[in-house]
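Below: the structure, in structure tokens.
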Amino acid sequence: IFRRFHRGGDEETRRTKGTGLGLYLVGRTLEAMGGSVLVGDRPGGGAIFTATFPIS
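For the sequence shown, the working numbering begins at 282 and goes up steadily by one.
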């Protein structure tokens with residue numbers, strides 16, 4: 282999901298539109314800042330995204 286222009290292929294995903302750049306841009310920006318973004322799942326559905334980066 283962090284690849285550039287990657288979108289899921291099912292009908293539900295296609296209905297929501299979008300360019301597929303959001304997570305790619307977030308990941309690259311955080312990486313450039315020396316940080317990272319992690320993704321996990323929640324019991325019962327959904328996803329949790331955690332962004333970390335240094336603050337000075």
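Glycine included, C-beta positions come from ideal geometry on N, C-alpha and C.
Measure the beta-carbon distance from residue i to residue j and round it to whole angstroms, keeping in mind my assumption that it falls under 8 Å.
i: G327; j: V318; result: With 8 Å as the limit, G327 and V318 do not qualify as a contact, their Cβ atoms being about 16 Å apart.
Measure the C-alpha to C-alpha separation of residue i and residue j and round it to an integer number of angstroms.
i: I329; j: D322; result: 6 Å
i: T333; j: L302; result: 19 Å
i: G325; j: L306; result: 28 Å
i: A313; j: P335; result: 11 Å
Ordered along the chain, which non-local residues of its own chain (more than five positions away) have a Cβ less than 6 Å from that of residue i?
i: T331; result: L319
Please work out which residues of its chain come closer than 8 Å, Cβ to Cβ, to residue i, disregarding the five sequence neighbours upstream and downstream, and give them in chain order.
i: L361; result: What is shown of the chain runs 282 to 337, which leaves residue 361 out entirely.
i: G315; result: F334, P335
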